[in-house]
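Student: Counting along the sequence shown from 1, when you hit position 981 you're at 982 in this note's numbering, and nothing is skipped either side.
The structure's right below; bear with me while I get my questions together.
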Amino acid sequence: MTVELSITSNFTFLTGASHPEDYAERAAFEGLEAIAIADANSVAGIVRAHQRLKEIARIVAARAAAEAEDGPIGPPRPAHIPAPPSLSIRTVPRLVPAARLVLTEGLEITVLAATRAGWGRLCRLLTVGRRRAAKGACDLRLEDLLEGMEGMELILHAPPDLPAGAGRTASEDRGPGDARQAGAALSGGPPGPGGAGPLSAGVWRPLARRLAQRFGGQMHLALAPVYDGADSVRFDRLARLAAALGLPTIATARPILHHGRRRKLADVLTAIRLGLRVDELGRAALANGEQRLRGPSEMRRLLGRHEGALDRAAALAARCSFDIASLRYEYPSEIADGESPRQRLARLAREGLDWRYPGGAPAKVRAMLEHELQLIAKLNYEPYFLTVRDIVAFARERGILCQGRGSAANSVVCYCMGVTSVSPEIGTMVFERFVSEARDEPPDIDVDFEHERREEVIQHIYERYGRHRAGLCATVIHYRGKRAIREVGAAMGLSKDTIGALSSQLWGFFSTNGLEDQRMREIGLDPEDRRLKLTMELIHEIVGFPRHLSQHVGGFVVTEGRLDELVPIENAAMEDRTVICWDKDDIEALGILKVDVLSLGMLTCIRKAFDLLKMHHGQDHDLAALPQEDPKVYDMLCRADSVGVFQVESRAQMNFLPRMRPRNFYDLVIEVAIIRPGPIQGDMVHPYIRRRNGEEEVSFPSDELGQVLGKTLGVPLFQEQAMQIAIIGAGFTPDEADRLRRALATFKKRGNITDFRSRFLRGMARNGYDAEFAERCFSQIEGFGSYGFPESHAASFALLVYASAWIKCHHPAVFACALLNAQPMGFYAPAQIVRDAREHGVEVRPVSIEASYWDNVLEPDGRGGLALRLGLRQIKGVREEDAAWLAAARGNGYRSVRDVWRRAGLGPHVLARLAEADVFAPLGLTRREALWEARALAGDRPLPLFAGDMEGEGVREPAAHLPEMTEGEEIVEDYVAMRLTLRRHPVALLRHILTPGSA
C-alpha cells in the first residue's frame, strides 16, 4: 500500500501546477491507496478532488458490474502469457483531508484531519490565521498550534538545505545570529526584519524540538526528495534528525505537478508570482520535472534503505478515518417561541394564505398548500423555508423590495410567506421536481433585493447568526483568455505590443480551431517562432487554472452550529464581509445549504416608482397587487415600446416582441427564456414562432414527451424540460440526470455536455425515437450548456417585466424618474431614457440651481400632469453630499455663484462642475458667465470677514463680455457635463447635410 500525503495543487495559487482533479486521476492510475491535497493554509481544493474520486469510483463500479454481467472487456489473456505492464484501472484512492500550515516563524507542517473533531479544529485554526490577516493572506503562529491539535496528525517538513550536522543538538552549531532568530521565533515574533522565510537549520531545530515535545505521538518528520542528486545523503541526515527528535519518518514526494509535462507551466506560474520573466528566474525555476506525483515502485527506488517510511505513511493514512463526505451539515433550526420548525412553517403559511386571499383562497390553492407542506415535512426542509422567510421578512420590515425565484420559489408556500409575488394560480410551475427529490437536496430559492440596499440584508444575516455561523461562498477566479494572454505573455518576455495584438484576436484563438496561424500572420506575427509557439501552448494550458478567490455575488451559508468548524472562514476584500473558501459547486457537492441574497437594479427602480405613485397619485401598489393582464401593457410590448423595461429592452428582444406578440403572463415567461444563447444556438426560436403563428404543425413524438413540451408547443425552452427529456425520452437515471444538470450549470468551467451524447442517443433509440429527432433534441440540450434559463426563474423575472411595463405604460413620467434615480443599471444610458420619456409626452426640465435636488423629482407641469426635473446626480463629478448642502442652504433661492459658494460651502471645483452643466441659467447667467464667476473664487470657503451677507458692500469687478456659445457648443458641453442634452439631437445639426432638401 502506497500513499501521498503532501500534495500541492493549483489552489496554492501560482505555485501548484495541476488541478486537484488531475492528481485524483493520476493517483488512481498509479495505484495509490490514499492521497492528501495539502495546499498552503487552505482546504479550498479538496472538494474538487473528492468529487473526481467519487466519479472514478462510479466508473470503476460500472466497469466491474459490466464485467460481472458480460465477462471481461476484450479477448482473454492466455494463462501461460505473463501480464504486461499496465496502469491501474481498478484502484480508487481515498482522500485524506489536509492542509499545509505555513507559520510566520517559517515552519511548514502538513496537518491531516484524522477525525471529525480534528477537521473542526483545523478549520478553526485556519480561520484564526485568515481572519487575522488581509484577504488572501494567513497569519498563523506557533503559539496557535500549541493550544491543541487533538484529532490531527502532523508531518513536519525540514529545510531542504539541512547541514551535515543535522543530528546534533541545537546549541552545538548555532551562531549568534541564529540565536537571535530562534529567540524571536520562540517568542512568537518574526524571524527577522523580512518576516517568515527559509529558516536556517540552527533556528529550525529548537522550534522542531519544541513541537516534538508537545505533539510527540502525533508528529512525524517528512522524508522528501529534492531531486538534486544528493537525496540519498539527505535521507540519512533526516533519519538521524528524526531519531534525535524522537519522531518517526514519513515518505512524501511533495508533488507540485501531477505529471512531469507540467514543468514549464510551473515555471510560468512562479514567474507570474514573482513578477519576473521566465528567463530571469534563476534558482527559483524548477531544475527538472521530477517534483511530481509518483507511484509505489518509483518511491521505493528513491527511498532505498529508508523505504520503511513509505509503509509508515500508509499506516498513518489508515489511522486517518475522517472522510470529507461524512460532514453533516445542519440547517439553522429556526425554532421560535417553543414552536417546532414544522409547526411554525405551517402556521406562517396558513396565516399568509389569509393575507394573500382576503376573500378566501380557492380550493385548488388550499389543496396545493397542504400538498406542499406534506412534501416539505417528508423531506425535512422546513428550516430552509423558514430561513428564507425570515430574511425576506426583515427586508419587508425595512421597506426593501425583494422577489424570490428558483425551483421552489414559485410555490404556494413561498407566495403565502411573501418570498415571491408570483401567484401560484398562474400554473407555470409544478412544486415537485423529480431530479431534486432524487438528489435529496434542499430546493433552490434565490432572493433578489434592491441593489442599493442589499448590504443592509447582508449585515442583518451576519448580526442574526453571527460570523461564526454565517459566511458568503467563495467564487474561484479562473484564468480566462485575456488574463492568460496578458500574464503568460509577460512571463514569457513578449512585448506589450505583441500581447496587445494577441488579445485583440481572442475570439480567433478560443472559439475557432485551426485559424491561429492564419490570424497571427494577419497581425504580423510569425506562428513558427519558437517562443511564440510555446507561449500559445502555455496560454491554452493555463486557461481554467484558479487565479485567486473572490466572494460570491450573494450566496450565504448559514449553519446551526459553528460554520468555522465546517469550513475555514476568511476576510473578503470588502469591509465587513467574511467568506468561506468553497464555491457554490463545492458546497452543493457536500449538501450544504446556500441562500442567495442577490441584488437587482430593477427592484430599486420599481420600489422608487411605487413611492412616487404613492406621493403624487395616492396609489399604494406592490408586485402582487398590480392590475393583472392589462391589454394596454401587452399592446405596448407588441409595439416593442420597451426602452427601460426589465429583460425585454435589448435590440434582440425588441425585434422579437412584434413576432411573439405576448398577450398573457405566460407569454412573458417564454419571452424572457427564449432570447438566450442556449435556445438561439439550439435552434429553438424559429420553430417555436412558426408553431405559435400556425405556420407549422404542433406535434409530439410521444404522449410522454407531449406532457413535458405541451406548454411550449413541442419545443424545449427551459432547463427543466431538457432534463425531463433526458429522463423520459432517453431513460436517464436520477444520478445521470443530476450529472447532466451539473454539466449544464458548470459549462464555463469543467462541465462537458457532449460526454452524455452517446448515452442520450442510445437511450432515445431504445425507447423508439428516430435518430433525427434524437439528434435535434440533444443539439437543443447542448444549447442550454451555452446558456439556458429555468422556467422557475423566468416566471419570477416575467413578473418584473410586467410590473415595469405597467408603470411605463400608465405612468411614463414616474417610470423615467425612478429609472434615472436607480442608475447605474439596465441597458440604456440616461440620455436615451430621457429621450424616450419625451417621446411619451413627458416634459423634462433641466437641472436647476433653484429647483433640483440630488435625485430626479416630479413637479406639477401646470397642465394637471407631472414634469420630470433632472437632479444633480446627472452631473459628473458632483457628490450626493454636495447636493445635500446645496439644497439645505437654498432657502428662498440663490442670487449668484458667489452666494452659493458662501452659503452652501461648496468648493470652487464643484461650482465649476455645476456651471459646466448650465445649472445657473435660472439666475440669468449663461454657462460661460457662471464658469467665469466660479473660476474667480479662491479657496474652499470665504474668509471670516467676508463670510456674512455684505449687502452690496463687496468690491465689484468689471463685467466680462464673453462670446456667446453656439447651439452646437451648448449641446457638446451638455454631453460632457451630464451625458445628455435637452436641446436638439446632435445629428439634427447635420440634417441639412445628411438629407439635402430637408427643412
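Note that the Cβ used here is the ideal one computed from N, Cα and C, for glycine as well.
Note that this is a predicted model, so its numbers are computed, not measured.
By Cβ distance below 8 Å, which residues in the same chain neighbour residue 320 in space, the five residues on each side in sequence not counted?
Tutor: Here the set comprises 115, 154.
Student: In angstroms, rounded to a whole number, what distance separates the CA positions of residue 357 and residue 417?
Tutor: Approximately 6 Å between the Cα atoms of the pair.
Student: To the nearest angstrom, how far is the alpha carbon of residue 414 from that of residue 343?
Tutor: Answer to the nearest angstrom: the Cα atoms are 13 Å apart.
Student: Between residue 294 and residue 27, how many whole angstroms is the CB-CB distance? I'm expecting something under 8 Å.
Tutor: Yes, they are in contact, since the Cβ atoms of residue 294 and residue 27 sit about 5 Å apart, within 8 Å.
Student: For residue 1057 and residue 277, I'd like the C-alpha separation in whole angstroms.
Tutor: No answer is possible for residue 1057: it lies beyond the span of the chain, which begins at 2 and ends at 1000.
Student: Considering only residues of the same chain and omitting the five flanking positions on each side of residue 488, which have a CB-CB separation below 6 Å?
Tutor: Result list for residue 488: 273, in chain order.
Student: So what does residue 600 bridge to, in DSSP terms?
Tutor: Answer by DSSP bridge pairing, in chain order: 450.
Student: Which residues bound the beta strand (DSSP E) around residue 537?
Tutor: Run containing residue 537: none in the beta strand (DSSP E); it sits in the alpha helix (DSSP H), 531-543.
Student: Should residue 556 and residue 595 be called a contact, given that it needs their Cβ atoms to be closer than 8 Å?
Tutor: Yes; because the gap between Cβ atoms is below 8 Å, this pair is in contact.
Student: Considering just the uninterrupted stretch of the beta strand (DSSP E) at residue 583, what are its terminal residues?
Tutor: Its beta strand (DSSP E) spans residues 579-584.
Student: In the DSSP assignment, the alpha helix (DSSP H) including residue 967 goes from what residue to what residue?
Tutor: Segment: none, residue 967 is in no alpha helix (DSSP H) and carries neither H nor E.
Student: To the nearest angstrom, report how far apart residue 141 and residue 210 are at their CA atoms.
Tutor: One C-alpha to the other measures close to 19 Å.
Student: Measure the CB-CB distance between residue 924 and residue 850 and report whether it falls below 8 Å.
Tutor: Their beta carbons are under 8 Å apart, which means residue 924 touches residue 850 by this criterion.
Student: Could you tell me the distance, in whole angstroms, from the CA atom of residue 42 to the CA atom of residue 682?
Tutor: So the two alpha carbons sit approximately 43 Å from each other.
Student: Express the C-alpha separation of residue 130 and residue 382 in angstroms, rounding to a whole number.
Tutor: Using only the alpha carbons, I get a separation of about 35 Å.
Student: Where DSSP assigns a beta bridge to residue 1044, which residues make up the other side?
Tutor: Outside the shown range of the chain (2 to 1000) lies residue 1044, about which nothing can therefore be said.
Student: Below 8 Å between beta carbons: does that hold for residue 318 and residue 222?
Tutor: Their beta carbons are not under 8 Å apart, which means residue 318 does not touch residue 222 by this criterion.
Student: Using only the alpha-carbon positions, how far apart do residue 782 and residue 808 sit?
Tutor: Cα to Cα, residue 782 sits roughly 36 Å from residue 808.
Student: State yes or no: is the C-beta of residue 53 within less than 8 Å of the C-beta of residue 25?
Tutor: The answer is yes: Cβ separation under 8 Å.
Student: On the DSSP bridge list, what partners appear for residue 158?
Tutor: BP columns for residue 158 point to 109.
Student: Give me, in chain order, the residues of the same chain whose beta-carbon lies closer than 6 Å to that of residue 236; leave out the 5 immediate sequence neighbours on both sides.
Tutor: If we look at residue 236 and ignore the five residues flanking it on each side, its Cβ neighbours are 224, 307.
Student: Give the secondary structure of residue 7 by DSSP, where H, G and I count as helix, E and B as strand, and everything else as coil.
Tutor: Reduced to three states, the DSSP call for residue 7 is strand.
Student: Out of 931, 349, 998, point me to the one whose CA is closest to residue 965's CA.
Tutor: Comparing Cα positions, the closest option is 931.
Student: Going by CA-CA distance only, name the one from 365, 503, 410 that's closest to residue 385.
Tutor: Ranking 365, 503, 410 by Cα distance to residue 385 puts 410 first.
Student: To test your reading of the DSSP string, which unbroken beta strand (DSSP E) runs of 3 or more residues are found completely within the region 83-149?
Tutor: The region 83-149 contains these whole beta strand (DSSP E) runs: 99-103, 109-114.
Student: Rounded to the nearest angstrom, what separates residue 392 and residue 260 at their Cα positions?
Tutor: Computed Cα separation, rounded: 48 Å.
Student: Would you identify the three-state DSSP class for residue 622, choosing helix, strand or coil?
Tutor: Coil, per DSSP.
Student: Say whether the region 685-692 touches the region 707-718, bearing in mind that this needs 3 or more beta-carbon pairs closer than 8 Å, one atom from each stretch.
Tutor: A contact exists between the region 685-692 and the region 707-718.
Student: When the Cβ atoms of the region 539-556 are set against those of the region 460-479, are three or more pairs found closer than 8 Å?
Tutor: Taking 8 Å as the limit for Cβ pairs, the verdict is that the region 460-479 does touch the region 539-556.
Student: Just the C-alpha distance for residue 76 and residue 65, rounded to the nearest angstrom, thanks.
Tutor: The straight-line gap from Cα to Cα measures roughly 16 Å.
Student: Along the alpha helix (DSSP H) that carries residue 1005, what are the first and last residues, could you check?
Tutor: One cannot answer for residue 1005 here, as it falls past the ends of the chain, which runs 2 to 1000.
Student: Taking all protein chains shown into account, do 16 or more other C-beta atoms lie within 10 angstroms of the C-beta of residue 988, making it buried, or fewer, making it exposed?
Tutor: Exposed.
Student: What are the start and end residues of each continuous alpha helix (DSSP H) run of 4 or more residues lying completely inside the region 268-317, in chain order?
Tutor: Counting whole runs of 4 or more residues, the region 268-317 contains the alpha helix (DSSP H) stretches 297-304.
Student: How is the beta strand (DSSP E) around residue 491 delimited, first residue to last?
Tutor: Unbroken run through residue 491 is the alpha helix (DSSP H), 482-492; no beta strand (DSSP E).
Student: Could you tell me the distance, in whole angstroms, from the CA atom of residue 21 to the CA atom of residue 38?
Tutor: C-alpha separation (whole angstroms): 7 Å.
Student: Classify residue 96 as buried or exposed, calling it buried when 16 or more other Cβ atoms lie within 10 Å of its own Cβ.
Tutor: Buried: at least 16 other Cβ atoms inside 10 Å.
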